[in-house]
Every structure is written in C-alpha cells, then in structure tokens.
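Presented below is the structure to which this report refers.
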Amino acid sequence: MEQQPTVRKKRIFSAIQPTGIMTLGNYLGAVRNWVEMQDEFDCIYSIANMHAITVRQDPKELRENTLRLMALLLACGIDPERSVLFVQSQVKTHAELSWVLNCCTQFGELSRMTQFKDKSARHPENINAGLFDYPVLMAADILLYQADLVPVGDDQRQHVELTRNIAQRFNTLYGQTFVLPEGYYPKLAARVMSLQDPTKKMSKSDDNPKAFISILDKPETILKKFRSAVTDSEAQICYREGKEGINNLMSIYSAITGRTLQQITDEFAGKGYGEFKTAVGEAVAEALRPVQERYEAYRQDKAYLEGCCRKGAEQALRLSQRTLEKVYRKVGFLSL
Ligand code: TRP
Numbered sequence: 025m026e027q028q029p030t031v032r033k034k035r036i037f038s039a040i041q042p043t044g045i046m047t048l049g050n051y052l053g054a055v056r057n058w059v060e061m062q063d064e065f066d067c068i069y070s071i072a073n074m075h076a077i078t079v080r081q082d083p084k085e086l087r088e089n090t091l092r093l094m095a096l097l098l099a100c101g102i103d104p105e106r107s108v109l110f111v112q113s114q115v116k117t118h119a120e121l122s123w124v125l126n127c128c129t130q131f132g133e134l135s136r137m138t139q140f141k142d143k144s145a146r147h148p149e150n151i152n153a154g155l156f157d158y159p160v161l162m163a164a165d166i167l168l169y170q171a172d173l174v175p176v177g178d179d180q181r182q183h184v185e186l187t188r189n190i191a192q193r194f195n196t197l198y199g200q201t202f203v204l205p206e207g208y209y210p211k212l213a214a215r216v217m218s219l220q221d222p223t224k225k226m227s228k229s230d231d232n233p234k235a236f237i238s239i240l241d242k243p244e245t246i247l248k249k250f251r252s253a254v255t256d257s258e259a260q261i262c263y264r265e266g267k268e269g270i271n272n273l274m275s276i277y278s279a280i281t282g283r284t285l286q287q288i289t290d291e292f293a294g295k296g297y298g299e300f301k302t303a304v305g306e307a308v309a310e311a312l313r314p315v316q317e318r319y320e321a322y323r324q325d326k327a328y329l330e331g332c333c334r335k336g337a338e339q340a341l342r343l344s345q346r347t348l349e350k351v352y353r354k355v356g357f358l359s360l
C-alpha cells in the first residue's frame, strides 16, 4: 500500500486565565483565532487557573469561573474532538516542570519582566513569589508540549521570549530536550480598546462596566454600551491617528463583518456617529448570539463539562509526561 506522506502539523499552545468573564477583546483578539487555527494546526489549549491564583481569588468563584470558561470556549467553537482542551491544575506535570525550570532561570531575568513590575506596583499588598515566578510556569506550560507556536497578545511577548531563553539554556546544559517556541501574532487579531478610554486596552477588570463588552452581555446591554462609546467631535467615520474611539469601533466592526476599513468608510460616508455606533452594536450582538445560546446549553450540562475536563486532562498528561520524564532523566533524578 502506498504510504501517505506524513507532514507533521505545527503544534500550537495557548492558555487563558479564568478570571472574571471573557470580553469582546479576548474573543476577537484571541479565542476566535484559536478556533480558526484548529484547521491548520495541532492545537493544545489550557485554562490557566494556576496563573490565576497569583492574584487573590475567591475559591468558590474560581471554581465557577473555570467551569464557565470551559463552557464558553466550547461555545466559541473549540472542538475537544480535534484539539486538546484542559484545566492547568488538573495536569500535575505543569507544577513539576516549573520547579526544574525555576532552577534554570535567573532572578535578574524575572525581575526585568514588565508585567511583574506593573502588577507588583498595582498590588503592593500582595507581591507573592508566584507573581514573580509566573513566567516560569508559563514556560513549563509551553515547553511540556513541545509547542512550535504560541499565539499571544503583545503583553505576553516578553514571556514567550523568556521561554525561548530558558529552553535554549536547558538544551545547552543537558542536550536537546525542548523545541524552541515562537510567539505567533495572527494578522487578524483585533486589538480591542476600551469603549470609554480608547487609548487603553479593553479589560474585564475596568472599574467602569461600560468600558468593556462581556461575551455574555445581553443584546440590549451591548447596544447601550456601544451607543455610549467615547468618540470625537468630528463626525467623520474614517481610520486616522487621533480618532482612537472611531478607530476602535471600525476595527471591531471590521473584525465582525470581515469588511475592510475602506469599505466601512464608504458604507458610512455622510452618516452620523449615532448610526454607526448602532450598526456596530447590532453586528456584535448578532455575532455573539449563537455563542451565547451554545454557552447556555453547555452550562446546563455539568456532567458533560466535567467529562471534557477529564478527557482533556488525560490527553494533556499523556503528552506532557513524555517531556517531563525526559527532563527528570536529564537532570539526574532517579526514576522510580
Ligand atoms: N499568561 C497568559 C495570559 O495571562 C496566559 C497563559 C498562561 C499562557 N500560560 C500560557 C499563554 C502559555 C500562552 C502560553 O494571557
């Protein structure tokens, strides 16, 4: 029989924290691309609940949010038949590899991480060692699966660079062990800004709920938030520096409808901001409707969600165990 040529698909690893609710920014900037990438890549996605506890979490809420995020990722189109989808804490190799990697990471390197500097400035009352060590756990997440590509936002770029450095150092010290991963920044990833201050990234931790759209906001709420989005006083719909509010609305509309910025400018030539904002709000509400419906169905089915967690954790353990065993052998740990 003729042999099929076996071209190994590139492997993708990414993760998202189960804190609060997913925003339109997370969806358009990340999760929608995760769904697309399933066609082309071998994808492994994780819910990073171990990263989440670097900031104080209410245990009950964390548990709820983890299961909710599982339901939401499924609703967005992550397909557990094609991809591995799992909860980080349910796969023990992550904690195990991070210890070894800790011993290959310099204090100075971690001190230079801008996210650490920002977060410790914002939470001076809880600068815990986990917050400092966060990028090493992230390196373990990625390296355990020998991932080639790591789709992340700009804020994680430095952490992916650090992961490469750690991997390279380990390989030099102990011989080839880890694939060196690369950050992957899909062209279509929209950078969604706050609706109230379009110079800031849309964030679920914004004090003003009008600043962000939650994936689960009701259509009326979505419309209302878009109608009160901050713009400018020019009454001209075009993408230009200084028009951050309009630029943001245009890129959201473009990400949702697939239209180019020029097409949007033409479509709304001579029309007012009110009409444009309503159109954007309606398009977003319409795009989220099927996600919300699927989410509600998954939420009702706790047994199914828990089954997904179990299956994903088993697959992830099997894959990551191979890397961990190799690492343990190389550093000189006795095998049992
Ligand atoms: N730190 C990432 C974030 O907050 C989430 C994350 C954890 C991650 N582990 C990862 C992303 C590994 C990519 C790869 O966005």
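When we follow the numbering used here, the leftmost residue of the sequence shown carries the number 25, and every step to the right adds one.
Every residue gets a Cβ at the ideal spot worked out from N, C-alpha and C, and that includes glycine.
Residue i: CB within 7 Å of a non-hydrogen atom of ligand 1
i	result
F37	yes
V115	no
H147	no
M162	yes
V55	no
D165	yes
A337	no
A72	yes
V174	yes
Q180	yes
Proximal residues to residue i (C-beta, below 7 Å), its chain only, five neighbours per side dropped
i	result
I280	A307, V308 and A311
T117	L168, L341, S344, Q345 and L348
R193	C128
G296	A259
R181	G207
K354	Y198, G199 and T201
D230	S218 and F236
N232	Q220
Beta bridge counterpart(s) of residue i as assigned by DSSP
i	result
Y208	P175
R35	D66
F110	S70
I40	I71
S257	Note: S257 sits in no beta bridge, so no partner.
T47	S238
K225	M217
Whole-angstrom C-beta distance between residue j and residue i, which should lie under 8 Å
i	j	result
G305	I246	5 Å
V111	A337	7 Å
V31	L97	The pair is not a contact, with the Cβ atoms about 27 Å apart (cut-off 8 Å).
V254	Q220	6 Å
P205	D172	6 Å
M226	E268	12 Å between Cβ atoms; not a contact.
D256	I270	7 Å
E215	G53	According to the sequence provided, residue 215 is Arg. The question's Glu does not apply to it. About 6 Å separates the two Cβ atoms, so the contact holds.
K249	K234	5 Å
Any non-hydrogen atom of ligand 2 closer than 7 Å to residue i Cβ
i	result
I40	Only ligand 1 can be found as ligands here, which leaves ligand 2 out of the picture.
6 Å Cβ shell around residue i - same chain, five flanking residues per side excluded
i	result
G101	V59
G154	T78
R125	Here the sequence assigns Leu to residue 125, which means Arg is not the residue at that position. These residues qualify, in order along the chain: V160, A163, A164 and I190.
Y319	A95, L96 and A99
L186	P159
V315	A99 and C100
R106	Q62
I151	S144
T284	none
Own chain residues within Cβ distance below 8 Å of residue i, not counting five before or after
i	result
V108	C67, I68, Y69, G336, Q339, A340 and L343
Any 3 or more C-beta pairs closer than 8 Å across the segment 38-49 and the segment 59-74: Verdict: yes, contact present.
Touching by the beta-carbon criterion (3+ pairs, under 8 Å), the segment 158-165 and the segment 70-89: Cβ pair count under 8 Å is three or more, so yes.
Inter-stretch contact (C-beta, 8 Å, three-pair minimum) for the segment 85-98 and the segment 314-329: By the C-beta criterion, the segment 85-98 is judged to be in contact with the segment 314-329, since at least 3 inter-stretch pairs fall below 8 Å.
Validate contact between the segment 237-244 and the segment 45-61 using beta carbons, cut 8 Å, 3 pairs: Yes, since at least three Cβ pairs between the segment 237-244 and the segment 45-61 fall closer than 8 Å, the two stretches touch.
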